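So the sequences go chain by chain: A and B.
Quick note on this note's numbering: the first sequence kicks off at 17 and runs consecutively.
Quick note on this note's numbering: the second sequence kicks off at 78 and runs consecutively.
The beta-carbon is built from N, C-alpha and C at its ideal position, and this holds for glycine as well.
Model, not experiment: these values are computed from the prediction.
Worksheet: the structure to be examined is printed underneath.
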Amino acid sequence: KAGVTQTPRYLIKTRGQQVTLSCSPISGHRSVSWYQQTPGQGLQFLFEYFSETQRNKGNFPGRFSGRQFSNSRSEMNVSTLELGDSALYLCASSLAGAGGETQYFGPGTRLLVL
Amino acid sequence: GESVGLHLPTLSVQEGDNSIINCAYSNSASDYFIWYKQESGKGPQFIIDIRSNMDKRQGQRVTVLLNKTVKHLSLQIAATQPGDSAVYFCANANQGGKLIFGQGTELSVKP
């Protein structure tokens with residue numbers, strides 16, 4: 017079974033631009049969560065989607081948004097990019113996103129904002 | 078708020094020795110914990126998990142111990158190999174698909 021895939025793997029943007037990242041979960045998984053990883057803050061939860069609905073959200077500004085499609089694929093969007101948005105963005109999938117489920121991660125998208 | 082913390086940011090061991098990576102958590106209601114391994118340039122990889130109704134769980138060369146009294150868990154890696162060099166994270170899974178991660182311990186294995 018194929019793992020979680022993320023595209024693109026690398027991105028370079030400039031301040032003020034917007035970016036869209038894509039995540040395809042493991043087949044059969046309906047929950048997709050997004051995380052931001054930086055050296056200073058570590059891994060931080062952005063949001064989680066299940067059945068095309070955002071169920072949980074972390075403490076990030078409204079510039080960070082996401083959506084999920086009927087095939088469970090998910091996208092996240094960051095508008096008006098800031099230098100501090102430079103990070104590795106990871107998505108993870110699980111069957112239903114319940115508290116006791118393992119989440120499996122993709123390789124991440126490394127975003128550099130100049 | 079909830080937090081998950083690791084005791085040491087770095088750990089260096091000799092190849093063949095056993096490694097122990099520690100983690101503490103704050104939420105006594107936490108009932109599911111996961112250890113992840115992250116190699117450079119890759120996403121976190123699932124190693125082993127444990128639920129709060131267990132004290133110990135073993136996998137291939139890895140053992141996780143959970144002490145709910147002091148809110149502490151540890152990951153033991155037996156006969157550590159160079160391929161085990163990575164950053165290890167403990168994570169607490171609560172409701173709603175949200176993982177709370179510790180800061181990570183970087184394990185270096187000396188040949």
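| Check | Outcome |
| --- | --- |
| Per DSSP, which residues does B:Gln91 bridge with? Please list them. | B:Lys187 |
| Would you please verify whether the beta carbon of B:Leu176 is less than 8 Å from any beta carbon of chain A? | yes |
| Let's test the definition: count the other Cβ atoms within 10 Å of the Cβ of B:Gly160 and tell me whether it reaches 16, buried, or not, exposed. | exposed |
| For the beta strand (DSSP E) that contains B:His149, what are its first and last residues? | 149-154 |
| Are the C-beta atoms of B:Ile97 and some chain A residue less than 8 Å apart? | no |
| Pull up the distance between the alpha-carbon of B:Ile111 and that of A:Gln33, whole angstroms please. | 36 Å |
| Run through chain B and tell me which residues come within less than 9 Å of A:Ser121, C-beta to C-beta. | Position check: residue 121 of chain A holds Phe in this sequence, whereas Ser was assumed. Per Cβ cutoff of 9 Å: Tyr113, Gln115, Lys119, Gly120, Pro121, Gln122, Phe123. |
| Given a cut-off of 8 Å on the beta-carbon distance, is the pair A:Val35 and A:Ala108 in contact? | no |
| Please report whether the beta-carbon of B:Arg128 lies at a distance below 8 Å from any beta-carbon of chain A. | yes |
| Closer than 9 Å by beta-carbon distance: list the chain B residues that pair up with A:Phe61, in chain order. | Gly174, Lys175, Leu176, Ile177, Phe178 |
| Could you pull the DSSP bridge partners for A:Arg126 from this structure? | A:Tyr26, A:Leu104 |
| Any beta carbon from chain A within less than 8 Å of B:Phe166's own beta carbon? | yes |
| Just by C-beta distance, which residues in the region 80-106 of chain A are closer than 7 Å to chain B? | Leu106 |
| Specify the secondary structure class of A:Leu132 as computed by DSSP and reduced to three states. | Residue 132 of chain A lies beyond the stretch modelled for chain A, which goes from 17 to 130, so this question has no answer here. |
| Taking the alpha-carbon of A:Ala46 as reference, which of A:Ser67, A:Leu37, A:Gln53, A:Tyr26 has the nearest alpha-carbon? | The identity of residue 46 of chain A in the sequence shown is Arg, whereas the question assumes Ala. Ranking A:Ser67, A:Leu37, A:Gln53, A:Tyr26 by Cα distance to A:Arg46 puts A:Ser67 first. |
| Taking B:Gln122 as the reference, which of A:Gly113, A:Leu130, A:Thr118 has the closest Cα? | A:Thr118 |
| Tell me, please, which residues DSSP counts as bridged to A:Asn72. | A:Glu64 |
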